[in-house]
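Q: Numbering-wise, the numbering used here comes out as the position in the sequence shown, counting from 1, plus 288. One structure, as structure tokens, below. Some questions next.
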Amino acid sequence: MFNAGIRAVHDAGAHAAIRPRVMLHIAQPENVEPWFDAAQRAGVTGYDVIGISYYRKWSSETMPELGRTIARLRRTWPDKDVVVVETAYPWT
């Protein structure tokens, strides 16, 4: 199902002036590595960006741990951009 959605984005953007990029967005950094490991084993391909939500109130990771997770993701998947796409701190 993921690959079909990714193909649909690529097909729809094939003639666009700007090629759309595909992001797979996972909630909380402690879930990202296991999820992408499983996705890779399942044969999910063709995406460009790893998106992460980070809400400290509900995450088991601190901000420094988030930084280390991002560094590991960049080493493990060097062809992907890694972006924190949602975040907030309890006082916001």
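Glycine residues also receive a C-beta, built at the ideal position from the N, C-alpha and C atoms. Remember, it's a predicted structure, so these values are computed and weren't measured experimentally.
Helix or strand or just coil, what does DSSP make of I306?
A: By 1-based counting over the sequence shown, the position of residue 306 is 18. Coil at I306, not helix or strand.
Q: According to the Cβ coordinates, are V371 and V320 closer than 8 Å?
A: One-based indexing of the sequence shown puts residue 371 at position 83. One-based indexing of the sequence shown puts residue 320 at position 32. Not in contact: V371 and V320 (Cβ atoms no closer than 8 Å).
Q: How is the alpha helix (DSSP H) around M311 delimited, first residue to last?
A: Taking the first residue of the sequence shown as position 1, residue 311 is located at position 23. M311 -> not in any alpha helix (DSSP H); beta strand (DSSP E) instead, spanning 311 to 315.
Q: Could you give the C-beta distance for K345 and P378, rounded to a whole number, given that I count them as a contact under 8 Å?
A: Taking the first residue of the sequence shown as 1, we reach residue 345 at position 57. Taking the first residue of the sequence shown as 1, we reach residue 378 at position 90. Yes, K345 and P378 are in contact; Cβ-Cβ is about 5 Å, under 8 Å.
Q: Could you check where the beta strand (DSSP E) with E406 kicks off and where it finishes?
A: The question about residue 406 has no answer, for the chain in this structure spans 289 to 380.
Q: Count the other C-beta atoms from every protein chain shown that fall within 10 angstroms of the C-beta of S348, then say buried if there are 16 or more, exposed otherwise.
A: Residue 348 sits at position 60 when you count from the first residue of the sequence shown. Flag for S348 reads exposed.
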